[in-house]
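Engineer:
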Amino acid sequence: MLAVWKWNNQQDSVNLKNETFTAKVIRIIDGDTMEVLYKNTPVKVRLAHIDCPEKRGSQPFGSNSKKALSDLCFGQDVVVYGEKYDRYHRLIATVRNNKKQIVNQEMIRQGMAWHFKKYSTDPIYASLELQARKNKIGLWKDPNPIPPWQWRKPKFRNALIR
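Here the sequence shown stands for residues -10 to 151, numbered as in my numbering.
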């Protein structure tokens, strides 16, 4: 319990809302969440504009999505463009890797994420998703992929299991 309090306290002591900074990617949690080390403080970062298949509950492409994110940035020094914090105290951000790629956009381009239209109206992400769908890249190979925001609903998953 003390370790959780200490971690939350450390992360909350650094306010990176609307800040741009360089940090090292030290952990990939899933396809749209990572942990970076900034000034010796771990910071959880949730990629803005996208939503990836869930690893929890074994959603198809969940593991592929996590690996794709890892391949794009794990162990690298990245530039983080912080926007705001979500209810889980994760920094919502856009991330640029050492190849100057916008990781958020690359995840959609590779067919490893949906454009999260509930929280983003950015036309670039909408266009990238349409291209990936059209070309049947990644999760779009499945004729009826289930968006993660539906997968997370317990009633929906229970209906699939029956």
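We put the beta carbon where it would ideally sit given N, CA and C, even for glycine.
1. Tell me whether M(-10) sits in a helix, a strand or coil according to DSSP, three-state version.
2. Considering only DSSP beta bridges, list what T110 is partnered with.
3. In the DSSP assignment, find the unbroken beta strand (DSSP E) run with V67 in it and report its ends.
4. For the 8 Å Cβ check, are there 3 or more pairs between the region 12 to 20 and the region 39 to 53?
5. How many whole angstroms separate the CB atoms of G127 and Q99, which I take to be in contact at a CB cut-off of 8 Å?
6. Could you have a look at I97 and say whether DSSP puts it in helix, strand or coil?
7. Could you tell me which residues DSSP puts in a beta bridge with K33?
8. Please name the residue in P49, T83 and I15 whose C-alpha comes closest to that of P132.
9. Could you tell me the distance, in whole angstroms, from the CA atom of R16 to the CA atom of N86?
10. Can you check DSSP and say which residues form a bridge with A121?
11. Beta-carbon within less than 6 Å of V84's beta-carbon, same chain only, minus the 5 sequence neighbours each way: which residues are those?
12. Am I right that M96 and L36 are in contact with their C-beta atoms under 8 Å? What's the rounded C-beta distance?
13. Assign V(-7) to buried or exposed, taking buried as 16 or more other Cβ atoms, counted over all protein chains shown, within 10 Å of its Cβ.
14. With a threshold of 6 Å on Cβ separation, who are the neighbours of E8 within its own chain once the five nearest residues in sequence on each side are excluded?
15. Which residues share a DSSP beta bridge with F10?
16. Would you call the CB atoms of I81 and V32 closer than 9 Å?
17. Over the uninterrupted beta strand (DSSP E) stretch that includes L80, give me the two end residues.
Structural biologist: Answer, in terms of the structure:
1. For M(-10), the predicted structure reports a pLDDT of 46, less than 50, and the residue's modelled location is therefore unreliable. The matter cannot be settled from this model.
2. T110 is not bridged to any residue.
3. D66 to Y74
4. yes
5. 5 Å
6. helix
7. E24
8. P49
9. 14 Å
10. None, per the DSSP bridge assignment.
11. V67, V69 and V92
12. 7 Å
13. Unreliable placement is indicated for V(-7), whose pLDDT of 46 sits below 50; the coordinate value is still reported in the next sentence. V(-7) is exposed by the Cβ-count criterion.
14. G71
15. V69
16. no
17. L80 to R85
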